[in-house]
Amino acid sequence: ASAVGADLREGSFKDADLTAANFSAAKLVKADIVAAKLSRADFSGASLQRATLTMLRDAAGPSFAAADMRGAVLTDSVMPDASFARADLTGGADLRNASFRHATMTRLQAQRVRASNADFDGAKLRGANFDGADLTNATFLGSDLLGATFVGA
Numbered sequence: 406a407s408a409v410g411a412d413l414r415e416g417s418f419k420d421a422d423l424t425a426a427n428f429s430a431a432k433l434v435k436a437d438i439v440a441a442k443l444s445r446a447d448f449s450g451a452s453l454q455r456a457t458l459t460m461l462r463d464a465a466g467p468s469f470a471a472a473d474m475r476g477a478v479l480t481d482s483v484m485p486d487a488s489f490a491r492a493d494l495t496g497g498a499d500l501r502n503a504s505f506r507h508a509t510m511t512r513l514q515a516q517r518v519r520a521s522n523a524d525f526d527g528a529k530l531r532g533a534n535f536d537g538a539d540l541t542n543a544t545f546l547g548s549d550l551l552g553a554t555f556v557g558a
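Take a look at the structure:
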C-alpha cells in the first residue's frame with residue numbers, strides 16, 4: 406500500500422496490516438495505529454504528532470526517520486530494528502514499556518520523553534538528546550551512546 410504524502414489526520418488503523426506500506430511524508434496527526442502490523446513500513450518524514458502507536462507486536466524494521474512525532478504515544482510496543490534517525494519525539498512523547506532493540510536512533514530528539522521501563526538495548530543512539538527525559542528503569546545495554554546527552558534525565 407502507498408499513501409505517500411496523503412492527508413490521513415485522525416485516521417484509524419487499529420489492527421491493520423500495514424506491512425511494507427509507504428506513508429512517507431504523510432500527515433498522520435492524531436492517527437490511531439493500535440495493534441497494527443508495521444514490519445518494514447515507511448513513515449519517514451511523516452507528521453505523526455500526538456499519534457497513538459501502541460501495542461505493536463509485528464513491527465520489525467519500520468522507518469520513522471526524520472518523522473515529526475511530537476507528543477506521540479508508543480507505549481507497550483515492540484519495534485526491533487526500527488529507524489528513528491533524526492526523528493522528533495519531544496513534546497512529552499510517551500515510550501513507556503516499549504522496546505527499541507537494535508533500533509537506529511542517531512540524532513533522535515527525545516527531550517522530556519517519558520521512557521520508563523523502555524528497552525534501548527543495542528540501539529544506535531549517537532548524538533541523541535534525552536535531556537530532561539524520564540528514563541527510570543530504561544536499559545541501554547550494548548547501545549552506541551557516543552555524543553548522546555542525558556542532562557537532567
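First residue of the sequence shown? That's 406 in the numbering used here, and the numbers climb one at a time after it.
Using N, Cα and C, we set each Cβ at its ideal position, and we do this for glycine too.
Among the options, the one whose alpha carbon lies nearest that of residue i
i: aspartate 526; options: Gly537, Arg519, Leu540 and Ala508; result: Ala508
i: aspartate 486; options: Leu494, Leu500, Asp493 and Pro467; result: Pro467
i: glycine 496; options: Asp447, Arg455, Met460 and Thr544; result: Arg455
i: aspartate 512; options: Phe545, Gly547, Thr554 and Leu546; result: Sequence inspection shows arginine at residue 512; the aspartate mentioned does not correspond to that position. Measuring from the Cα of arginine 512, the nearest candidate turns out to be Thr554.
i: alanine 426; options: Lys442, Ser417, Leu540 and Asn502; result: Lys442
i: alanine 490; options: Leu530, Ala464 and Ala503; result: Leu530
i: aspartate 481; options: Leu423, Ala503 and Ser488; result: Ala503
i: alanine 471; options: Ala515, Thr541, Met484 and Leu550; result: Ala515
i: glycine 557; options: Gly547, Thr541 and Phe469; result: Thr541
i: leucine 550; options: Gly410, Ser521, Met510 and Ala538; result: Met510
i: arginine 475; options: Ser407, Ala465, Ser452 and Gly537; result: Ser452
i: serine 488; options: Ala477, Ala538, Ala465 and Ala498; result: Ala465
i: aspartate 536; options: Phe545, Ser521 and Arg517; result: Arg517
i: aspartate 539; options: Gly416, Met484 and Asp499; result: Asp499
Where residue i falls, given that 16 or more other Cβ within 10 Å makes a residue buried
i: arginine 462; result: exposed
i: aspartate 473; result: buried
i: leucine 458; result: buried
i: aspartate 493; result: buried
i: glycine 552; result: exposed
i: valine 409; result: exposed
i: alanine 446; result: buried
i: aspartate 420; result: exposed
i: serine 548; result: buried
Cβ separation of residue i and residue j, assumed to be a contact under 8 angstroms, to the nearest whole Å
i: arginine 414; j: valine 439; result: Their Cβ separation, rounded to whole angstroms, is 16 angstroms, which puts arginine 414 and valine 439 out of contact at 8 angstroms.
i: alanine 543; j: alanine 528; result: Not a contact, Cβ separation roughly 11 angstroms.
i: serine 444; j: serine 429; result: Actually they do not touch by this definition, with Cβ atoms about 16 angstroms apart.
i: arginine 519; j: arginine 501; result: 6 angstroms
i: alanine 436; j: alanine 411; result: Actually they are not in contact, since the Cβ atoms of alanine 436 and alanine 411 sit about 11 angstroms apart, beyond 8 angstroms.
Beta-bridge pairing of residue i - partner residues as DSSP gives them
i: valine 439; result: In the DSSP output, where bridge partners are listed per residue, valine 439 has none listed.
i: glutamine 514; result: Asp493 and Asn534
i: aspartate 524; result: Ser504 and Thr544
i: arginine 519; result: Asp499 and Asp539
i: aspartate 422; result: Lys442
i: threonine 509; result: Ser488 and Lys529
Residue i Cβ short of 6 angstroms to the ligand FAD heavy atom set
i: leucine 423; result: The ligand FAD is not part of this structure, which contains no ligands at all.
Those runs of the beta strand (DSSP E) which lie wholly inside the segment 470-507 and span at least 3 residues: Complete beta strand (DSSP E) runs here, min 3: none at all.
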